[in-house]
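There are 2 protein chains.
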Amino acid sequence: MPPAVSRPRIVIVGGGFAGLYAARALSRAPVDVTLIDRRNFHLFQPLLYQVATGGLSPGQIASPLRAVLARQKNVTVLLGEMVDLDADRRRVVLADGEVPYDTLVLAPGATHHYFGRDDWAPHAPGLKTIEDATGIRRRLFLAFEAAEREPDEARRRAWLTFAVVGAGATGVELAGALAEISRETLRHDFRRIDPREASILLVEAADRVLPPNPPELSAKAGAALAGLGVRILTGTRVTALDAGGLTLERGGAEERIAARTVMWAAGVRASPLGAVLRDRAGAELDRAGRVLVGPDLALPGRPEIHVLGDLAHCPDENGQPLPGIAPVAMQQGRWVAAKIRAGVEGRKPDSTFRYRDKGTMAVIGRGSAVAVLGPLRFAGYPAWLAWLFVHLMYLVEFENRLLVLLQWAWNYFTWNRGARLITGPSPFPLARGGGGEPPEP
Amino acid sequence: MPPAVSRPRIVIVGGGFAGLYAARALSRAPVDVTLIDRRNFHLFQPLLYQVATGGLSPGQIASPLRAVLARQKNVTVLLGEMVDLDADRRRVVLADGEVPYDTLVLAPGATHHYFGRDDWAPHAPGLKTIEDATGIRRRLFLAFEAAEREPDEARRRAWLTFAVVGAGATGVELAGALAEISRETLRHDFRRIDPREASILLVEAADRVLPPNPPELSAKAGAALAGLGVRILTGTRVTALDAGGLTLERGGAEERIAARTVMWAAGVRASPLGAVLRDRAGAELDRAGRVLVGPDLALPGRPEIHVLGDLAHCPDENGQPLPGIAPVAMQQGRWVAAKIRAGVEGRKPDSTFRYRDKGTMAVIGRGSAVAVLGPLRFAGYPAWLAWLFVHLMYLVEFENRLLVLLQWAWNYFTWNRGARLITGPSPFPLARGGGGEPPEP
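Here it is, written out as C-alpha cells:
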C-alpha cells in the first residue's frame, strides 16, 4: 500500500466544541486531520463559572485533546498558535512553523469585549479560560478574607459588594452562584463578618435578564435571582469602572457603587484571526469582528476555508446571526465534517447549514434553572434537572461525567464548594487584595 | 456571662498537619484559638506528586481551612503572613498587623533546599505548593509536546529525558509516576514520537533509594522502579545544572546529560521563621535551619513558644532529629494541644513528647508500593493497598476521601491522567518550552 500522502489534508484550528466535534465526526473519513490548538485540552466552557466559584476543579471540566482523540488514528493533534494564513499557498502559519492544508476549518472562538474600554479589563475580568476562572476565584474569596480583616465599615462594605456586568447566561449563573456562596457556603466560616450581608449586583443594559430569551423566561429567572438576594439593575449601563468600584447610569441618573470585585460577562469579541482572514483571504467582517460565511460555512470565493463557532457570522432563518453557544458550534462542526466527507467520497454535499434549536437553558442556583426546550418553557427544579442532565451528557470523557455528577451531588447536599482555593502570587499585604490592582486611595 | 476576654489566647501559625491537628485537638478546650496561614487551605502534601503528574486536581487534595474549622467556634482563621515576632510583648507580627498571644504554636513548614545553589531553582523546581505542582505539570507535558514538534534527534532526546534529583519518598513517587505516564498514559497520544522511549533518571547521592529505610525495602523499591524502566543512579551527585541538562559525578567520573526537564526532590530547608525565632527569642538552630526544642516542644526558657513539624529539630530516642513527615507533625500537633489543655484546666501536663512510629510507606506506581509497618515489611500490591487506605483516611474532608478514591479507581483501570492540563502563560514559540527558561543555544 502506498503511503497516505494522497489523502486530503484537513486542518482544524481550535479544539473547542466546533473544532473537536468536526474532528470526531471525521473519524471514519479517508482524510488526514490535523487539529491545532494553543491549549492541550478541550474546555467545557458552560461549566467554567463553577470553577470561578469554587464548585469544581479545572481538571473536572477539561479533557486533554490527545486523550479524547488518542484512538482516532487519522487525527494528529498539534499544540500550536496560528498567527497568520497563506491562503494562496494554502498554509496555516504558526508561531513556529507552517502547516499545509487542502481544506481548512477555522474555529478559534472568542474573547472578551469591553466595547472600546480595554482599560476596564484589569478591574473587571471576563470568564473565557481556566486562568480567567482561577483568577476570578482568587478575587472572590480574597474579597471575603479582606472584609474579615477590614476594621473600617465603608471599606468592608466595598469588599462585600460584588458586581456582575451583563445578564446573559454567564452573568446570571455567576450572580446566582455568588448568592449561594455568601448565603450558604460561607455562612459559618467567618467570625467578624456575616457573609450573608454581601451585596450582589447584576447589571444589564437591556430591560431584562437573559435578553435573547422569551420575556416570561426572563421574568422567571429574575424572580429566582431576586429570591436569592441578587439586586438586578436592568436598563443600566456602566459609565466608569476602576479598582474601587463602578459608576452606573440608569434613566439619565448616575450612581457610584463602591465594589472591590467586578466581573465582566457583558460581551465577546471574535478571535483576532478574523482580521487575518480579512487581510489574507478577503473575508468580510461584521461589527463584532465575526467573519461573514456563506450558507455552507465557507468563505465566499474560498470554498476550502470554513469558519465555525464564535468566529462565524452565520445567519439564521430570520437573517439574525446565530448566537455563540455550544450547540451551534457542535452542529456546525458535525455539518462541516459531513460536507468534507461527502466531497472526499465523491457524493454531492449538503449545501446549506441549518441550526436546529433544541432549546436554551440557564441555571440560577441549587435546584433552580430556566429552560426553553422546543415548545416547552419551564423553570425551577425540573429545569435544573434538565440542565444538569444535558450538561453532564455533553462532557466529553466518561470519567468527567461520572465524577462531576458525584461532585455535584455532594455539593448539592452540603452546599459545599471545596475547590475554593486562593492560588497564585502572594496576596500580602491583604488590603491590596483581589487582582493585584493598586490599593484604594 | 462576662465576655471571654480572660480565656487564654492560643495563636497557631501554619495550617499544615501540625497546626491544623493542634487546632482541632483544642476544640473542647476553654481557649480562644487563632489559626494564621498564608493560604486559605490545608494542603495534603503527600499527594502533591499526583497533581504534578496530572492524576488529581488541586481541589482534590486541598481543603479550605475555614470549611474544616467552620463549626469549631473557638477557632478564628486568619489569612495572614507572619513576618516577625515580638517575644517579650507576646505578639505575632503580620505583614499588616499584630496578633497577641498567651501561648504560641509555630508550625510554618519547610521549603526547598538547593544546598547553596539557589541558581539551580529555576531549572529544577521543587514540589511544596499547589503552584509548584501545576508548574511541574506544565513542564512535564510541554516537554512531550515539544518533542513531538522537534525534528532534530538530539534535541528531541533532551526533551524526552526527565531527571528527578533525590530518591526520598517524593523523588521515588515522581519517578514512578513519570514512568507510568510515558509507558502507559501517553502511549497512544502522539504520532511522531513514542512516549515509551522517554528516559527517566532518578539521581541519589546515597547508595540506595529511600535511604532512611531498611536496606531490604530500598532494594524492593529499586527493583520495582527498574521494572518500570527508571534508570537509578545512586552514589551520584549533581555538580552542574542549567536549562539544557545536568552534570553528574559518580565515583570521580563526570557525565553530562541533556535533559530539558529536571525536578528537585533532594532537600528541604526549614522556614525562614526559624531565623526570626533565633533573633527575637534566642532560639538555637541546627545546620538545616531547624529550631532546637525541648522535650515538651517548647523553646528552652520560653515555655509559651512551641515549635512543631518541619521547623522543629526534635530528637528521637537515639538523638536523631525526627523526619519532616506528616505523622510526626500530626502527633506533635495533638500532643501540644493536650499539653495546652492540661495547663488551662489546671492539670499537670505530660512533659515529654514521644513519637510513635507507625510505619513508613512509599508508592512506586499502579499497584506497587513499599511499606514498613511496625515489624512488618512488605511490598507490591498489599503495600499499595495499605498506602491507598492510609492516605485516603487522612484526607481531611469526607468529600475528598470519597471522590479521590473514585478518581483513583478510575485512573487505575484506565491509566487515565485526565488532569494533565498545561496552564499558565502562553508557551509559544514552543521550543522555549518548559518553564520560561531561555532556549537552548
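These protein sequence lines are chains A and B, in that order.
Here this note's numbering runs 64 ahead of the position in the first sequence, where the first position is 1.
Here this note's numbering runs 64 ahead of the position in the second sequence, where the first position is 1.
Quick reminder that beta carbons are idealized off the backbone N, C-alpha and C, glycines included.
- A residue is called buried once 16 or more other Cβ atoms fall within 10 Å of its Cβ, and alanine 323 of chain B is buried on that count.
- With the rule of 3 Cβ pairs closer than 8 Å, the region 240 to 259 of chain A counts as touching the region 286 to 294 of chain A.
- The closest CA to that of aspartate 150 of chain A, considering only A/Arg342, A/Gly407, A/Ala86, A/Ser70, is found on A/Arg342.
- Of the residues assessed, asparagine 382 of chain B falls on the exposed side of the cut-off, its CB having fewer than 16 other CB atoms within 10 angstroms.
- At a beta-carbon threshold of 7 Å, the residues of chain B lying near glutamine 124 of chain A are Ser121, ordered along the chain.
- Just measuring C-alpha positions, the residue of A/Arg465, A/Gly123, A/Arg88 sitting nearest threonine 140 of chain A is A/Arg88.
- DSSP places aspartate 152 of chain A outside any alpha helix (DSSP H), giving it a letter other than H or E.
- For proline 278 of chain B, there is no enclosing beta strand (DSSP E), as DSSP marks it with neither H nor E.
- Shown here for arginine 366 of chain A: same chain residues with a beta carbon closer than 7 Å to its own, the five before and five after excluded, namely Ala151, Ala345 in chain order.
- Between valine 468 of chain A and alanine 134 of chain A, the alpha-carbon positions lie close to 22 Å from each other.
- Within the region 477 to 494 of chain B, Thr478, Asn480, Arg481, Gly482, Ala483, Arg484, Leu485, Ile486, Thr487, Gly488, Pro489, Ser490, Pro491, Phe492, Pro493, Leu494 place their CB atoms closer than 9 Å to a CB of chain A, listed in sequence order.
- Under DSSP, glutamate 195 of chain B takes part in no beta bridge, so it has no partner.
- Within the region 152 to 189 of chain B, the complete beta strand (DSSP E) segments of 3 residues or longer fall at 155 to 158, 161 to 164, 167 to 170, 174 to 176, listed in chain order.
- Runs of the beta strand (DSSP E) lying entirely within the region 262 to 338 of chain B and spanning at least 3 residues, in chain order: 263 to 267, 294 to 297, 300 to 306, 309 to 314, 317 to 322, 325 to 328, 332 to 334.
- Look at threonine 416 of chain B here: in three-state DSSP terms it is coil, with no helix or strand label.
- Secondary structure in the region 83 to 119 of chain B: the beta strand (DSSP E) runs of 3 residues or longer, each lying completely within the stretch, are 96 to 101, 105 to 107 in chain order.
- Rounded to whole angstroms, the Cβ separation of alanine 222 of chain A and leucine 266 of chain A is 18 Å, and the two are not in contact under 8 Å.
- The DSSP assignment places complete beta strand (DSSP E) segments of no fewer than 3 residues inside the region 358 to 425 of chain A at 366 to 371, in order along the chain.
- Contact between glycine 299 of chain A and glycine 315 of chain A holds, since their C-beta atoms are separated by about 7 Å, short of 8 Å.
- In this structure, the beta-carbon distance from arginine 301 of chain A to glutamate 313 of chain A falls below 9 Å.
- Rounded to the nearest angstrom, the Cβ distance from alanine 393 of chain B to glycine 373 of chain B is 4 Å, consistent with a contact under 8 Å.
- In the structure shown, threonine 249 of chain A falls within a helical segment according to DSSP collapsed to helix, strand and coil.
- For asparagine 104 of chain A, the chain B residues whose Cβ falls inside 9 Å of its Cβ are Phe205, Leu206, Glu209, Arg484, Leu485, Ile486, in order along the chain.
- In this structure, phenylalanine 226 of chain A sits near leucine 204 of chain A, with a CB-CB distance shorter than 9 Å.
- DSSP lists no beta-bridge partner residue for threonine 234 of chain A.
- Rounded to the nearest whole angstrom, the C-alpha separation of valine 408 of chain B and threonine 487 of chain B is 49 Å.
- At a cut-off of 9 Å between beta-carbon atoms, valine 141 of chain A makes contact with chain B.
- The beta carbon of threonine 234 of chain B sits closer than 7 Å to the beta carbons of Tyr113, Leu191, Ala329 from its chain, once the five residues preceding and following it are set aside; these are given in chain order.
- Buried is the label assigned to proline 189 of chain A, since at least 16 other Cβ atoms lie within 10 Å of its Cβ.
- Restricting attention to B/Ala473, B/Leu485, B/Leu143, the CA atom closest to the CA of serine 490 of chain A is found in B/Leu143.
- Counting along the chain, no beta strand (DSSP E) covers alanine 447 of chain A; the unbroken alpha helix (DSSP H) around it starts and ends at 445 to 458.
- Residues of the same chain with a CB within less than 6 Å of the CB of tryptophan 448 of chain A, apart from the 5 flanking positions on each side, are Gly431, Ser432, Ala433 in chain order.
- Taking 9 Å as the CB threshold, serine 335 of chain B stays off the interface with chain A.
- By the neighbour-count criterion, in which 16 or more other beta carbons inside 10 Å mark a residue as buried, proline 110 of chain A falls on the buried side.
- Shortest Cα-Cα distance from asparagine 138 of chain B to any of B/Gly358, B/Ala93, B/Asp166 involves B/Ala93.
- In the three-state reduction of the DSSP assignment, leucine 143 of chain A falls in the strand class, which pools E and B.
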